[in-house]
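Below you'll find the structure, written out as structure tokens, and then a few comments.
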């Protein structure tokens, strides 16, 4: 298991991940929207902590219940019936759904088990995050430990750092959101042997 504190390591830029993301999207003219399950609005609230966030933060959907994920974020009901809500494909669908629904350049999502006990047969600390953007969608699996509050906080930190990384790669040329759907492919996670990235190309 990866300690919750491990998700808080610096990535080379000054300031918090939320401030970094606001700065990068302000520079590029990009926008962001959040789809949150276990974090229940903490990702959007953390972005909003930075002055000037209103320029880039369009809004978010707190999708704690499975039916909210399917109704408001277009997560396929059949997918949820097959794999549950704690799954990388669900994180991908949530990020793409909120990006499409709110018309943002970037869509961020979180889904997982904050604890203290297991859920859907998954242990506490099993979390999937995703960032959907102009060039596709990337998702990572986190295996966190600590208290419920620590797991939620580490999830916020991790998804914002992933968004900073992804937006840094394309911040000069943002494009409008598209109906991103594609085949999910597996690649290595840069920085943790126990996690994975999956990317769906934008179409």
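Numbering (the UniProt record's numbering), first residue to last: 1 to 203. Ideal Cβ placement from N, Cα and C applies to all residues, glycine included. The structure presented is a predicted model; accordingly, all values stated were derived computationally and were not measured.
Query raised in the report: Which residues in the same chain have their Cβ closer than 7 Å to the Cβ of residue 190, if we skip the five residues on either side of it in sequence?
Result: Locating residue 190 in the chain shown gives position 190, where the first residue counts as 1. Residue confidence is low: residue 190 scores 29 on pLDDT, short of 50, so the model does not pin down where it sits. Its coordinate-derived value is still stated next. Once the five neighbours on either side are set aside, residue 190 has no close Cβ partner at all.
Query - Assigned exposure category for residue 37 - 16 Cβ within 10 Å defines buried - result: As a first step, residue 37 is located in the chain shown; it is residue number 37 there, counting from the start. Per the 10 Å Cβ criterion, buried.
Query raised in the report: Can you give the beta carbon distance from residue 148 to residue 114, rounded, assuming they're within the 8 Å contact cut?
Result: As a first step, residue 148 is located in the chain shown; it is residue number 148 there, counting from the start. As a first step, residue 114 is located in the chain shown; it is residue number 114 there, counting from the start. Their Cβ separation, rounded to whole angstroms, is 5 Å, which keeps residue 148 and residue 114 in contact under 8 Å.
Report task. Could you work out which residue in 119, 125, 107 is closest to residue 131 when comparing CA atoms only? Result -> For this step, residue 131 is matched to residue 131 along the chain shown. Of the candidates 119, 125, 107, the one whose C-alpha sits nearest the C-alpha of residue 131 is 107.
**Report entry** Three CB pairs or more closer than 8 Å across the segment 21-36 and the segment 48-65
**Finding:** yes
Query raised in the report: Does the Cβ of residue 120 have 16 or more other Cβ atoms within 10 Å, making it buried, or fewer, making it exposed?
Result: Stepping through the chain shown from its first residue, residue 120 is reached at position 120. With fewer than 16 other Cβ atoms within 10 Å, it is exposed.
Query raised in the report: Ordered along the chain, which non-local residues of its own chain (more than five positions away) have a Cβ less than 7 Å from that of residue 97?
Result: Start at 1 with the first residue of the chain shown, and residue 97 comes out as number 97. The residues are 35, 73, 74, 75.
Query - Beta-carbon contacts of residue 172 that lie in its chain and below 8 Å, excluding the five residues immediately before and after - result: In the chain shown, residue 172 corresponds to position 172, counting from 1. Because the pLDDT at residue 172 is just 41, under 50, the model does not fix this residue reliably, and the value given afterwards should be weighed accordingly. Closer than 8 Å at the Cβ level, and outside the excluded window around residue 172, lie 28.
Requested in this report: Kindly list the residues whose CB is nearer than 6 Å to the CB of residue 50, restricted to its own chain and excluding five residues on each side of it in sequence; keep chain order.
Outcome: The residue given as residue 50 occupies position 50 in the chain shown. Excluding positions up to five away in sequence, the list reads 18, 19, 22.
Query raised in the report: How far does the beta strand (DSSP E) with residue 58 in it reach, from first residue to last?
Result: By 1-based counting over the chain shown, the position of residue 58 is 58. Its beta strand (DSSP E) spans residues 57-62.
Query raised in the report: What's the gap between the Cα of residue 44 and the Cα of residue 160?
Result: For the purposes of this step, residue 44 is taken as the residue at position 44 of the chain shown. For the purposes of this step, residue 160 is taken as the residue at position 160 of the chain shown. Each residue's alpha carbon lies about 10 Å from the other.
Query raised in the report: Which same chain residues, not among the five before or five after residue 70, have their C-beta less than 8 Å away from its C-beta?
Result: Within the chain shown, numbered from 1, the residue matching residue 70 stands at position 70. Answer for residue 70: 76, 77, 80, listed in chain order.
Query raised in the report: Nearest-angstrom Cα distance between residue 68 and residue 85?
Result: Position 68 of the chain shown, counted from the first residue, corresponds to residue 68. Position 85 of the chain shown, counted from the first residue, corresponds to residue 85. If you take the alpha carbons of residue 68 and residue 85, they lie about 11 Å apart.
Query raised in the report: Apart from the five residues just before and just after residue 40, which ones in its own chain have a Cβ nearer than 7 Å to its Cβ?
Result: Along the chain shown, one-based indexing puts residue 40 at 40. Here the set comprises 62, 64.
Report task. Along the alpha helix (DSSP H) that carries residue 120, what are the first and last residues, could you check? Result -> Mapped onto the chain shown, residue 120 falls at position 120. First-last for residue 120: undefined, no H or E at that position.
Query - Chain-order list of residues whose beta-carbon lies under 8 Å from that of residue 90 (same chain, five-residue window excluded) - result: Residue mapping note: residue 90 aligns to position 90 of the chain shown, counting from 1. Around residue 90: 69, 75, 79, 80, 83, 84, 111, 128.
Query raised in the report: Considering residue 21, what are the terminal residues of the alpha helix (DSSP H) in which it resides?
Result: Reading the chain shown from its first residue, position 21 is the one you call residue 21. Looking at the DSSP string, the run of the alpha helix (DSSP H) that includes residue 21 is 17-28.
**Report entry** residue 142 versus residue 153 - alpha carbon distance
**Finding:** As a working note, residue 142 is residue 142 in the chain shown. As a working note, residue 153 is residue 153 in the chain shown. Each residue's Cα considered, the two are about 12 Å apart.
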